[in-house]
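2 protein chains.
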Amino acid sequence: MQEAVGPAAGLVRLSFLVQTLYGEAGRDCGLTTAQAQLLCTLAAGPTGMADLCTTLGLERSSLTGLVDRAEHRGLVERQSDPADRRAVRVALTRDGEKTIGRFHREITERLGRLLADLPAAERERFHRTLTKVTADAPAVFVD
Amino acid sequence: MQEAVGPAAGLVRLSFLVQTLYGEAGRDCGLTTAQAQLLCTLAAGPTGMADLCTTLGLERSSLTGLVDRAEHRGLVERQSDPADRRAVRVALTRDGEKTIGRFHREITERLGRLLADLPAAERERFHRTLTKVTADAPAVFVD
DNA sequence: TATTGTTATACTCTATAACTATA
DNA sequence: TATAGTTATAGAGTATAACAATA
Numbered sequence: 015m016q017e018a019v020g021p022a023a024g025l026v027r028l029s030f031l032v033q034t035l036y037g038e039a040g041r042d043c044g045l046t047t048a049q050a051q052l053l054c055t056l057a058a059g060p061t062g063m064a065d066l067c068t069t070l071g072l073e074r075s076s077l078t079g080l081v082d083r084a085e086h087r088g089l090v091e092r093q094s095d096p097a098d099r100r101a102v103r104v105a106l107t108r109d110g111e112k113t114i115g116r117f118h119r120e121i122t123e124r125l126g127r128l129l130a131d132l133p134a135a136e137r138e139r140f141h142r143t144l145t146k147v148t149a150d151a152p153a154v155f156v157d
Numbered sequence: 015m016q017e018a019v020g021p022a023a024g025l026v027r028l029s030f031l032v033q034t035l036y037g038e039a040g041r042d043c044g045l046t047t048a049q050a051q052l053l054c055t056l057a058a059g060p061t062g063m064a065d066l067c068t069t070l071g072l073e074r075s076s077l078t079g080l081v082d083r084a085e086h087r088g089l090v091e092r093q094s095d096p097a098d099r100r101a102v103r104v105a106l107t108r109d110g111e112k113t114i115g116r117f118h119r120e121i122t123e124r125l126g127r128l129l130a131d132l133p134a135a136e137r138e139r140f141h142r143t144l145t146k147v148t149a150d151a152p153a154v155f156v157d
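Protein chains in written order, with our numbering: chain W, 15 to 157; chain C, 15 to 157.
Structure (structure tokens):
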């Protein structure tokens, strides 16, 4: 039933599969995909808006709205930067930390299941290639 | 500089990388991601709204809007189904065919570049595992 | 002047609920 | 009654352009 699938199609399918699982894990935690990405990034520590734009690949105005909504939900807070009065630093709240922790466990488990049926050696090789290919992708997620 | 990355993080990064390339290829062709997915699906032939919902994972009302906008842009058209007067079949227009063809070439090239630096044997193995893992993902894209 | 962020505005995407028409 | 689609409505996400404050 499964027609031959080229490398590009394989990548696209995997990508949409992961996005689906990502979305489901998010929904279980009350997060949209964009919010989950934001929180994952902030898990590394408080970050300025400009840096967040770069990491997330968003325009500044888009990020303003995203942070607004996340702040409104009590997931993040804006802090003023004593060194630069123009700048804003965004940090996880206690609740944001808990939420992203839960999300992290959810998505890790789902993705783990995706690879669970592979022989260990194959999984290892797959993971190594994955690491190579994504070497310079933004670190939107860290185990 | 590259910290160790677990299997889940690798999948997430690859996924966001592919999404970014997908979005860029789409923008170059005047397509949003959702529209590109719709058109890719329709490349297999005219399809009923209900089937499209299943393949794309959308609610019916969401699909109505998506098709509305694509139709408004002249990319798809609604056809009536002579066998069931409730049903609607969605088909690519000539322009839609051309556009999705261009998109297909764009995305294939970008994704090919992503894997271009891998040794042939590794790329082969990677692709084989990819095919296994995505065996029951919806065929939103076919080479 | 350049940078940091926000506001105003518009469009796309998506969902839920209520509705119409046909099977 | 069940199925195929649409409409109404609302919220989230995103971008461009214009703006304010600070460096």
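Cβ atoms here follow ideal geometry from the backbone N, Cα and C, with glycine treated the same way.
Residue i CB to nearest heavy atom of the ligand PLP below 7 angstroms
i, result
"residue 94 of chain C", "Ligands displayed in this structure: none; no statement on the ligand PLP is therefore possible."
8 angstroms Cβ shell around residue i - same chain, five flanking residues per side excluded
i, result
"residue 90 of chain W", "52, 53, 56, 81, 84, 104, 105, 106, 107 and 110"
"residue 19 of chain W", "27"
"residue 132 of chain C", "140"
"residue 95 of chain W", "62, 101, 102 and 103"
"residue 72 of chain W", "66 and 80"
"residue 36 of chain C", "47, 50 and 121"
The alpha helix (DSSP H) enclosing residue i, as first and last residue numbers
i, result
"residue 38 of chain C", "21 to 42"
"residue 124 of chain W", "108 to 129"
"residue 92 of chain C", "Element bounds for residue 92 of chain C: not the alpha helix (DSSP H) but the beta strand (DSSP E), 90 to 94."
"residue 82 of chain W", "74 to 86"
"residue 50 of chain W", "47 to 56"
"residue 135 of chain W", "134 to 147"
"residue 64 of chain W", "63 to 70"
Proximal residues to residue i (C-beta, below 7 angstroms), its chain only, five neighbours per side dropped
i, result
"residue 120 of chain W", "39, 42 and 43"
"residue 225 of chain W", "Look at the range of chain W in this structure, 15 to 157, and you will see that residue 225 of chain W is not part of it."
"residue 116 of chain W", "43"
Cβ of residue i within 8 angstroms of any chain W Cβ
i, result
"residue 136 of chain C", "yes"
"residue 29 of chain C", "yes"
"residue 93 of chain C", "no"
"residue 22 of chain C", "yes"
"residue 151 of chain C", "yes"
"residue 11 of chain C", "Coverage of chain C is limited to positions 15 through 157, which leaves residue 11 of chain C absent and any answer about it impossible."
"residue 148 of chain C", "yes"
"residue 195 of chain C", "No statement about residue 195 of chain C is possible, as the shown extent of chain C runs from 15 to 157 and does not include it."
"residue 106 of chain C", "no"
"residue 126 of chain C", "yes"
"residue 25 of chain C", "yes"
"residue 45 of chain C", "no"
"residue 66 of chain C", "no"
"residue 19 of chain C", "yes"
Contact set for residue i: own chain, Cβ-Cβ below 6 angstroms, skip 5 residues either direction
i, result
"residue 58 of chain W", "none"
"residue 118 of chain W", "none"
"residue 134 of chain C", "none"
"residue 16 of chain W", "Here residue 16 of chain W scores only 44 on pLDDT, less than 50, and its place in the model should not be relied on; the value that follows carries that caveat. Here the set comprises nothing."
Reference residue i; option with closest CA among the options
i, options, result
"residue 147 of chain W", "C:118, C:46, C:70 and C:125", "C:125"
"residue 79 of chain C", "C:97, C:49 and C:60", "C:49"
"residue 152 of chain W", "C:26, C:22, C:60 and C:143", "C:26"
"residue 112 of chain C", "C:34, C:32, C:45 and C:36", "C:45"
"residue 92 of chain W", "W:36, W:114, W:115 and W:66", "W:66"
"residue 70 of chain C", "W:60, W:34, W:88 and W:99", "W:34"
"residue 123 of chain W", "W:143, W:150, W:32 and W:138", "W:32"
"residue 114 of chain W", "W:129, W:150, W:88 and W:22", "W:88"
"residue 130 of chain W", "C:143, C:68 and C:86", "C:143"
CB contact check: residue i to chain C, cutoff 8 angstroms
i, result
"residue 2 of chain W", "Any property of residue 2 of chain W remains undetermined from this structure, which presents chain W solely from 15 to 157."
"residue 59 of chain W", "no"
"residue 71 of chain W", "yes"
"residue 117 of chain W", "no"
"residue 55 of chain W", "no"
"residue 84 of chain W", "no"
"residue 48 of chain W", "no"
"residue 33 of chain W", "yes"
"residue 122 of chain W", "yes"
"residue 143 of chain W", "yes"
"residue 62 of chain W", "no"
"residue 102 of chain W", "no"
"residue 79 of chain W", "no"
"residue 132 of chain W", "yes"
"residue 52 of chain W", "no"
"residue 90 of chain W", "no"
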